[in-house]
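Trainee: In my numbering, the protein residues as written are 5 to 213.
Pasting a structure here, questions to come.
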Amino acid sequence: MDGARLMNAAVAQRVEPAQIAQHCDSVSLCFSKGLGAPAGAVLAGSGEFVSEAWRVRKVLGGGMRQAGVLAAAARLGLQHGEVTLRGDHDNARRFAEGVHGLDSAICSVSPAAVETNIVMVSVRGPWPCPAELCARLRAVSEEEVTATGRAVSVLLLPWAARTVRAVWHRGVSARDTELARRKLEFVARKCQEELALGLHPAPAGAGGA
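This is the structure in structure tokens:
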């Protein structure tokens, strides 16, 4: 099992990670995604499997020296993981509910679909495309600073033809989450204004001006 987000799933379902991975022959666990360690991962499986993985790692030159500092960070992440991850999940839901409340013709979110720290934002209509929306969320304009009094850059990922992905981690606070929601609200409003001026194709189902 690719366990990059195993801990997120375990916290969301309120079960032990072992319960999720019980039917897998092996599982990897990332210490940086979700748990917030600077680097590192662990591989678990049968004794025979781990011995072979150890041998292959050594053959390929994948060994590390003085890895105790990284191990200490990973241990800290595991010790405080549940509280940290639950906070990430709460912030993701808070963002989803905020975007849903905008009732925007540009983008939408289903709060019920948010289970962990990942929010999928649906982009409506032929414009803006996910890449354009992400570019506008990342950029900071003088108009935005004048209107909001803040310079906020939000990094989201174009995920599919009409979808943008947002992911929370321990470095994103509840305050940051609210600022991200406000930034999306500002960008969506500007896009709607441009659509009203006929500068771009109107979203499907949008009424005439």
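From the three backbone atoms N, C-alpha and C, an ideal C-beta is built for every residue, glycine too.
Could you confirm whether any beta carbon from chain B is found closer than 9 angstroms to the beta carbon of leucine 141?
Mentor: The displayed structure is made up of one protein chain only, and chain B is not part of it.
Trainee: With burial defined as no fewer than 16 other Cβ atoms inside 10 Å of the residue's Cβ, what is the status of tryptophan 58: buried or exposed?
Mentor: Label assigned to tryptophan 58: exposed.
Trainee: Tell me the DSSP bridge mates of alanine 170?
Mentor: Partner(s): Val123.
Trainee: Name the residue from Ala151, Gln17 and Gly81 whose alpha carbon lies nearest to the alpha carbon of serine 36.
Mentor: Nearest of Ala151, Gln17 and Gly81 to serine 36, Cα basis: Gly81.
Trainee: Can you give me the start and stop residues for the alpha helix (DSSP H) that leucine 141 sits inside?
Mentor: Per DSSP, leucine 141 belongs to the alpha helix (DSSP H) from 134-142.
Trainee: Residues in the same chain with beta-carbon distance under 8 angstroms from alanine 29, minus the five sequence neighbours each way, listed in chain order, please.
Mentor: Looking at the sequence itself, residue 29 is aspartate, so the reference to alanine does not match. Gly49, Ser50 and Phe53, listed in sequence order.
Trainee: Near alanine 192, what residues of its chain come up, given a Cβ to Cβ distance below 7 angstroms and the 5 sequence neighbours on each side ignored?
Mentor: Around alanine 192: Leu106, Ser108, Ile110 and Cys111.
Trainee: If you count every other CB in all the chains shown that lies within 10 Å of the CB of methionine 11, and 16 or more means buried, which is it?
Mentor: Buried, by the Cβ-count rule.
Trainee: So what does DSSP say about proline 42, is it helix, strand or coil?
Mentor: In this structure, proline 42 counts as coil in the three-state DSSP scheme.
Trainee: Excluding five sequence neighbours on each side, which residues of the same chain lie with their C-beta closer than 6 angstroms to the C-beta of isoleucine 122?
Mentor: Within the same chain, isoleucine 122 has close Cβ partners Val171.
Trainee: Say the cut is 8 angstroms; is the CB of leucine 201 nearer than that to a heavy atom of the ligand COA?
Mentor: This structure does not include the ligand COA; it has no bound ligands of any sort.
Trainee: Whole angstroms are fine: how far does the CA of threonine 88 sit from the CA of valine 168?
Mentor: Each residue's Cα considered, the two are about 24 angstroms apart.
Trainee: What's the call for glycine 40, buried or exposed, on a 16-neighbour Cβ count within 10 Å?
Mentor: Buried: at least 16 other Cβ atoms inside 10 Å.
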